[in-house]
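Below: one structure, written as C-alpha cells.
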Amino acid sequence: MDEKYFPEKIEEKWQKSWDERGVFEVEPEPERPPYYCLEMLPYPSGFLHMGHVRNYSIGDALAWYKRLQGFNVLHPIGWDSFGQPAEQAAIKRGIDPRVWTEDNINHMRGQMKRLGMSFDWRREIAAHTPEYYRWDQWFFLKMHERGLVYRRMSPVNWCPHCQTVLSNEQASGGLCWRCENPVVKKDLEQWFVRITDYAESLLEDMKEIERGWPERVLTMQRNWIGKSVGAYVDFSIKDTDAKVRVFTTRIDTIYGANAIVLAAEHPLLAELMKDSALKPDVDAFIERVREARNRATEPGAEEEKEGINTGLQAVNPFSGEIVPVWVGNYVLTEYGTGAVMSVPAHDERDYEFAQKYTLPIRQVIAPVTHEQEPSGFDPQLGVDQSTEMKEAFTDYGMLVNSGEWSGKLSGDAMREMAEFAESKGFGETAVTYRLRDWGISRQRFWGAPIPMIHCPSCGMVPVPEKDLPVLLPPGADFTATGSPLETVPEFVNTTCPKCGGAARRDTDTMDTFVDSSWYYFRYCDPKNSDAPFDTEKVSYWAPVDQYIGGVEHAVMHLLYTRFWTKFMRDIGLVSFNEPVKNLMTQGMVVAETFYREEGGAKTYFNPAQVDTERDDKGRITSARLISDGQPVKVGPFEKMSKSANNGVDPNEMISAYGADAVRLFILFAAPVENDLRWQEAGIDGALRFLRRVYNFIWRWRDAVRDAPREAPDTAAFSAEARALRHETHRAIERVTRDLEGLHFNTCIAALMELLNAFGQFPAAPEQASASDRFAAREALEALVLMLAPFAPHISEEMWEGLGHEGGMLSGEARWPVADAGLARKEELEIPVQINGKLRARIRATPDATEEALRETALSDEKVRAWTEGGEVVKVIVVPQRLVNIVVRGN
RNA sequence: GCGGAUGUGGCGGAACUGGUAGACGCGCGGGUCUCAGAAGCCCGUGAUGGCGACAUCGUGGUGGUUCGAGUCCACUCAUCCGCACCA
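In my numbering, each number is its position in the first sequence, counted from 1, plus 775.
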C-alpha cells in the first residue's frame, strides 16, 4: 500500500492478480449454494458505452456481494455477435463480417477487463462461432421434429429499386436505406416458430415470476400475448352452403348486428364472389386496401374506415335476421377469424363504420346501475328508438331487443348464449391471442444458417444431426438480391440426405433472437460438443437468480427466452418452467445535449467540446463551443447516442478517475431502475470519497493490525468507541438490507455515513487504546469489505493494507454480520408532539416503558409551556419512536 | 383510446411496517491552510419572518381517514413509457 491513492497502479495490480489466481472461475460444488448472476450479453458494436458500464457495474456489485457471503457465484459474459451491423460493415467497407466482429470483441473484452469486471472468462461464448450456432441449428431440428417450426408465405420489406430484401432497420421510415426509394411488402416463404402454442403457459407461468419481475415488464408481455375470451359464431351465407365464422367478445350484443364485415384477405371471399356482378368493384377495393397497407405509414396514424358491400347476405343464427356482408379495411386478417359481426350500437369502430355508410344502428344493451334490479325492468318495453345514439355504448348492461334473451345481464348472457350456440352447432366459446408466431427467417448472411434442404423429389428435408453445423461459407456477395447465401453455389448445391439426389440448401439464416434465447444455459457448459449443455450442470446453476438488462428487451428477448425454456423443458433438457427468477431493468444513461440549428437541421456537439457557464444554482446560463467561442443551444438530457453526439467514452473516464470511481459513481448517482444523468462533477465526488477512505486506512493500518482479535468487555470501550461500534453495525444492517434490494445508491450513502462517523472518532491511531483499536478495526474492515462490490480494486488494496494476505476471495474475508444489539442506539432522542406538531425532544433509553416516556414528556419544560392552560385529553406513546400529546382548549 | 408507472430543495435522490421530511452526494456560500492556486480540513445551505432563541409554511392540486399522512382512500392535474382499428 502506498501513501497516496493511485487508481491506475492499484487496478492493474489487482486485475493481474485476479487473473493469475483465477478467483472468478467457478465449477459446480454440490455442497456450496450456487448463485447465478447474469447481465444481458452485449452486441459487439465496437466500443463499450456507458450503458454497458452501468449494466456490468450493477451485475458485478451483486456478484461480489454474493461471493463474500459465501455463494458459489457464476458470473459469465459472451457476445451476441450475429446481426446486421457486421454485414453492413462488409457492404460498406468490404471487411469480412467475421473479422469485423472479432476485432470488436477483442477491443470490448479489453475494455471490460480494464473495468475490472469479475467474469469467469473461461466461459466466454460468441454466437457467431460454429461451436455455438450448431446448437441453434440443433434446436431448430428438434422443434421441426415436434412440428413447432413451419413454413408459410409472409411479407418482407422489399426495395423494388435495389431488388433486395431489407430489414426493418434498413427500411425505417418506409424508405430504402441505400437508394431512399419507397419500400414495399413482398410475400416470401419463411420459417416460423409456433410460439403461439405456448401462449397460455407463457401467461400462466407468470405466477412464478410475479414477485421477481418488474410489473411493467409483465404487463407488457401480457398485453403482447393479448388473450381475449369470447365466442365464435357461424353466419351462413344465403343461397350457398358457406358459413362465415366470426369472433366476438360480446356475443351478448349479437341482436344488434347490422352486418358482418370481412377482412380483405378473407379466405372465403374469392369463392363467394366468383359469380357476383359486384366482383370487379370488390376486387378493386381489396386492391386499394392492399396498397394502402403496403405503404409504410407512421405508427399511430389510423386510416379512415372504408368498406364495400359485397351484395352477399348472411343469416344471424340467433335472430334469423338477414344482414349484408361487407368487406372492410379495418378488419384484421391475422386476428380472430378475419371476420367480425358489426354492432354499431355497442362498438366504437362499428359505430363509425355505420355512420359513414348510414347503416342501421340498433341498441340491444341498456345501461344498468347497481341500484336497478333486473327484475324491476321490463324488457318488453325495450329502449326508446326515437332518440338516436350519439355514440356507441360499450359497457356491459342488460339485454334489450334481443328476443328471449332480453332482460338478462351481459355477463350471464355471454356465457349462456355461447353455450346455446354450441348446443345448436353454430358456434362455441373461444379464446384468441394477439401473439403471432415468431418469424425467424432472415434473408441475410450473418446468422445461423437454417439446417434444411429442398429436394425436388423428397420436398423439405432436415439436415441430419450428425451433419451439423451447417457452416457459413466464405465468398458470399452481400450486395446480392435476396439472401447472400444464394450467391455461393458450393453452399447451395448439396445432396438430399434422404434420396441422395441433387438438392438445394435453404439460404435463410435465423433471427439473432434465437441465439439469445438459450445462451445462458450454454454458459453453464460452454465447451460441450455433444449437446447444447449438460443437464446436470445446468440444474446446478440455473435458473438465473438475477438477470440485469435494459427494458427495451421487455417483450421480444424476454418472451422468446421464456418460450425457449418451456420448449427445453418439454424435450427433457431442463426441469423448470421459467429461466429467470429475478429481473431488473436498468435505466438509461442520459446526458445534456448541445446543438446549433441551421436551416432546420440540427448539428449536435459533444459536451467535451462545449464550455458552459452556470449560475449559483448550477443551471447552465450559457454554452459556447470551445473551438470558435460562439454560443450553442442547450438541449434536454437524452440517451447517450451518436445522433445526439452526447456520448462519453468510458476509456477516458477510467484514465481520468480510475475504474473504481467510475463504477462507484454510476451506482451511487441514481437508483438502478432510474435514468442516470451523467455529470462529471459526480465522479469527482466518488473519487473524493475513495481518497478519504484510503487516507483513513493508511493512517490506521498499523493500529488496526495490532488490534485485539477478541472484543474487549463492553465496559472497556470509551463512549466514542461505543458510538463508532453502533454506527458500524447500523451500517452493516443497512448496506446488507439495501444490497438485497439492489438499492446500491443507498448502500453507498450508508458507507459514506460510516466514514463520516469514523471521522468523528477522536482517537488518533498513535494514542488509541486496545479497545479503541478494536472498534477502529471493526469499523474499517467492515467498510472495506462492504465497499468491495462497488470499488473492488481499492478495496482489495486496503484489505491487504490492513494486514490480510491473499486477496479477499481466497482469504478469510467474509461479509460482515451485524450485531443487532450494537446496531441499536444506547440512547434515543424521542420527538414529542403536541396535537401532531413537533414541539420538543426528550432523551430516553430504547427500553424506556410507555409510562416512563409519558412522564418524561409531560414534565418536559417546553412541553409544559405548550400544554399550559389546556387540558391534556390523550397521550399517545410509541416506544422508541415518539410521544404525541393531545391538548384541548389552550 | 387502452394498459403501466412517476410527481419530495437549485440538481440526483433518502425516509423500514403511517411516527423528527430532505439521509448521502453534487452544486452553492463562508472559514482555515497558502505568497498564490489546486487539493485537504471545518461550518452553513427547503421557503418566509426575526439579531436571536424561535415561529409559520412546506412532499403536483382538492378533499377524506387518523392523535399523527410524503406514505392509506377518493377525485383531479401534469409528465414519462408501452400498445394502438386485436372485434
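We put the beta carbon where it would ideally sit given N, CA and C, even for glycine.
As the structure is a computational prediction, the values presented were derived from the model and not from experiment.
Per DSSP, reduced to three states, the secondary structure at I1140 is strand. Here W933 carries a strand assignment [DSSP, helix/strand/coil]. Counting only runs that start and end inside the region 979 to 1032, the beta strand (DSSP E) elements of at least 3 residues fall at 1003 to 1012, 1018 to 1023.
Remark: C-beta atoms of W988 and V1355 approach each other more closely than 9 Å.
Annotated as distal: G1001 and L1334, with beta-carbon spacing of 9 Å or more. Between E1571 and I785, the C-beta spacing is below 9 Å. The three-state secondary structure of I1441, taken from DSSP, is helix.
The Cβ atoms of V1326 and L813 lie no closer than 9 Å to each other. R1500 and E1553 do touch by the CB rule: their CB atoms are close to 6 Å apart, below 8 Å. The three-state secondary structure of W1316, taken from DSSP, is helix.
Going by DSSP, E1372 is part of the beta strand (DSSP E) stretching over 1364 to 1373.
Beta bridge pairing from DSSP links F1380 with F1369. By alpha-carbon distance to G1576, the top candidate from G845, P809, S1314, V1468 is V1468. When the five nearest sequence neighbours on each side are left out, the beta carbons in the same chain lying within less than 6 Å of the beta carbon of L1613 are those of P1606, in order along the chain. About 11 Å separates the beta carbons of R1512 and A1598, which is beyond the 8 Å limit, so they are not a contact pair.
DSSP places M1173 in the strand class (E or B) of the three-state scheme.
Rounded to the nearest whole angstrom, the CA to CA distance from L993 to S976 is 14 Å. Cβ atoms of Y811 and W1316 come within 8 Å of each other, at about 5 Å. Counting the other Cβ atoms within 10 Å of the Cβ of I1083 gives 16 or more, which makes it buried.
Contact check for L1044 against T1015 fails: the beta carbons are separated by 9 Å or more.
Rounded to whole angstroms, W1101 and K1049 show a C-alpha spacing of 15 Å.
A distance below 8 Å between beta-carbons, with the five flanking residues on each side excluded, links R1124 to the following residues of its chain, in chain order: K1080, Y1105. Straight-line measurement puts the Cα of P935 at about 7 Å from the Cα of V959. Here R1474 has P1540 as same chain residues with Cβ atoms under 8 Å from its own Cβ, once five neighbours each way along the sequence are excluded. Relative to A1376, the option among S1418, P1224, N956 whose CA is nearest is S1418. Spanning the alpha carbons of A1532 and L1628 requires a straight line of approximately 28 Å. A check of alpha carbon separations from T1378 across P1406, T1360, G1234 identifies P1406 as the nearest. Exclusion of the five residues before and after Y1208 leaves T971, A974, I1000, G1001, K1002 as the residues of its chain whose Cβ lies within less than 7 Å of its Cβ. Between P1055 and A1196 the beta-carbon gap is near 36 Å, outside 8 Å, which marks them as no contact. About 45 Å separates the Cβ atoms of G891 and Q965, ruling out a contact at the 8 Å cut-off. Counting C-beta atoms within 10 angstroms of its own C-beta, I1097 has fewer than 16 neighbours from the protein chains shown and is therefore classed as exposed. When only Cα atoms are considered, P957 and V940 end up about 13 Å apart. Looking at the DSSP output, M928 sits in a beta bridge with E964.
Non-local beta-carbon contacts of V1385 in its own chain, meaning distances under 8 Å to residues more than five positions away in sequence, involve F1369, A1398, R1399, L1400, I1401, V1407 in chain order. Within the region 1235 to 1318, the complete alpha helix (DSSP H) segments of 4 residues or longer fall at 1264 to 1267, 1287 to 1290, 1294 to 1297, 1310 to 1316, listed in chain order. Listed in chain order, the non-local C-beta contacts of M1331 below 8 Å within the same chain comprise F1288, local neighbours out to five positions each way being set aside.
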